[in-house]
Amino acid sequence: MIKNKNIMKEIRGGIFSVLVAICIVSVVNSKVLANVKVEQSSMDNTLHDGQHLIVNKLNYNFSDPKRGDIIIFLENCKRGTIIEDTMENIKSILGKKNNNNNRLVKRVIGVSGDEVDIRDGVVYLNNEKLDEPYAKGETISNDFKLPITVSEGKVFVLGDNRAVSRDSRKFGLIDCNQVEGSASFRVYPFDEIGSIK
9 MIKNKNIMKE
19 IRGGIFSVLV
29 AICIVSVVNS
39 KVLANVKVEQ
49 SSMDNTLHDG
59 QHLIVNKLNY
69 NFSDPKRGDI
79 IIFLENCKRG
89 TIIEDTMENI
99 KSILGKKNNN
109 NNRLVKRVIG
119 VSGDEVDIRD
129 GVVYLNNEKL
139 DEPYAKGETI
149 SNDFKLPITV
159 SEGKVFVLGD
169 NRAVSRDSRK
179 FGLIDCNQVE
189 GSASFRVYPF
199 DEIGSIK
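Residue numbers (our numbering): 9 to 205.
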């Protein structure tokens, strides 16, 4: 009888330890760092489908994204509180991921106060032609009304692979509260490990 109580106590302790570990990992994943898999071709040639990235989630808690940053943002909602984000991560671990929170990876072109325009396949920022060695293909405005002045707390984003990217030309300005973090490091495939520029 005493042996059974000790076994049950050890099992409860093990379950408790696993639950605490899941909560800690979920908090870190929701507010500090995360591993994100690229599942799109809109950032070719900078990022490719199937690559895994480390996302720094701390930097935008203290400042807004800057021009040139590669950001990960939620298409249909804003970042939640630490509790909401932790619960979403636990659901994800349990295989009950919310499909409404589609994550997109794009490059910040314009920030608060900037005027963005696209003329003859070229991006202009504050009436100056933007040098974009990372861009693949011609940039077409997609009937989006331009020029546009980026309002406070928003960013204008484009994918590097302009012909296939769904970005601010399609859905407008991105609220900074939708931004989860910046793509800072490529960790997979192993032969492509390194910082992201």
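A virtual CB, placed ideally from N, CA and C, is assigned to each residue, including glycine. Here the structure is a predicted model, which is why all the values come from computation and not from measurement.
- Comparing C-alpha distances from Leu-133 to each of Val-119, Pro-141, Tyr-142 and Asn-110 shows the shortest one belongs to Val-119.
- For Ile-182, same chain residues with a beta-carbon under 6 Å away, outside a window of 5 residues either side, are Phe-81, Val-163 and Val-165 in chain order.
- For Phe-164, no alpha helix (DSSP H) encloses it; the enclosing beta strand (DSSP E) starts and ends at 162-166.
- Residues of the same chain with a CB within less than 7 Å of the CB of Ile-62, apart from the 5 flanking positions on each side, are Leu-41, Asn-43, Ser-192, Phe-193 and Val-195 in chain order.
- Around the C-beta of Ser-203, fewer than 16 other C-beta atoms lie within 10 Å, and the residue is accordingly described as exposed.
- Counting only residues of its own chain and dropping the five nearest sequence neighbours on each side, Asp-52 has a CB closer than 7 Å to the CB of Lys-144, Asp-168 and Asn-169.
- For Phe-179, the uninterrupted alpha helix (DSSP H) segment begins and ends at 176-179.
- Residue nearest to Ser-159 within the set Asn-150, Glu-146 and Gly-180 is Gly-180 (criterion: CA-CA distance).
- Gln-59 is the residue among Asn-185, Val-46, Gln-59 and Lys-45 whose C-alpha sits nearest the C-alpha of Asp-199.
- Rounded to the nearest angstrom, the gap between the Cα atoms of Asp-57 and Ser-50 is 9 Å.
- Check the Cα spacing between Gly-189 and each of Tyr-142, Ile-23, Ile-79 and Gly-121: the tightest is with Ile-79.
- Between Val-46 and Val-113 the beta-carbon gap is near 6 Å, inside 8 Å, which marks them as a contact.
- Ala-171 and Ile-19 have their alpha carbons spaced roughly 55 Å apart.
- Inter-residue distance for Gly-121 and Lys-74 is about 12 Å (C-alpha atoms, whole angstroms).
- Annotated as distal: Ile-148 and Val-124, with beta-carbon spacing of 8 Å or more.
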